[in-house]
Amino acid sequence: SEIFETREEKLAKQMEKVQTLLANMSGKIKMPGTNPAAFSLMKKETLDISILNFKSSPDGNQVKIYFVRPKGNDVVPLVYYIHGGGMAAGSALNPEYKEFSRIIANCNKVAVAVVDF
Numbered sequence: 001s002e003i004f005e006t007r008e009e010k011l012a013k014q015m016e017k018v019q020t021l022l023a024n025m026s027g028k029i030k031m032p033g034t035n036p037a038a039f040s041l042m043k044k045e046t047l048d049i050s051i052l053n054f055k056s057s058p059d060g061n062q063v064k065i066y067f068v069r070p071k072g073n074d075v076v077p078l079v080y081y082i083h084g085g086g087m088a089a090g091s092a093l094n095p096e097y098k099e100f101s102r103i104i105a106n107c108n109k110v111a112v113a114v115v116d117f
């Protein structure tokens, strides 16, 4: 009965499903950012891009924020983008998060802050 399956048995069944899905995939996998239309949305020329450094309190940790905004001094809304990784992996400075931040800023005329935790 499935009620009494061990963790390993459940994992083996899930891995079998994943392997079946992978085996049935056809063609090439298109990675994010490879669409030609997306490249124009990642352009840097219309944006001010900076890395801001702060010291947290009371522990004194260094915190970096990747900050993107439309060029100029207009007041714009801010999007606080939290990248994946469960606070254990990844960085706001990984290319895919930087690209996605630029896309958000260019498409919506907003500032984007990505905390590097």
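Positions 1 to 117 (our numbering) are the ones given, in order, by the sequence shown.
Glycine included, C-beta positions come from ideal geometry on N, C-alpha and C.
Item                                                                                       : Value
Residues sharing a beta bridge with L78, DSSP                                              : A111
Anticipated Cβ contact below 8 Å, P58 with V110, distance rounded                          : The pair is not a contact, with the Cβ atoms about 32 Å apart (cut-off 8 Å).
Y97 burial status per 10 Å Cβ neighbour count (16 or more: buried)                         : buried
Candidates D48, L41, N108, I103, of which the one nearest N73 by Cα                        : D48
Cutoff 6 Å; reference I65; Cβ partners in own chain excluding five residues on either side : L52, A113, V115
Candidates T20, N108, E99, of which the one nearest K44 by Cα                              : E99
Proximity of N106 and L11 at Cβ, strictly below 7 Å                                        : no
Three-state class that DSSP yields for P70 in the structure shown                          : strand
Limits of the beta strand (DSSP E) - the one that K55 falls within                         : 47-55
Rounded C-alpha distance that separates V68 from S101                                      : 7 Å
Local conformation of K64 per DSSP, three classes                                          : strand
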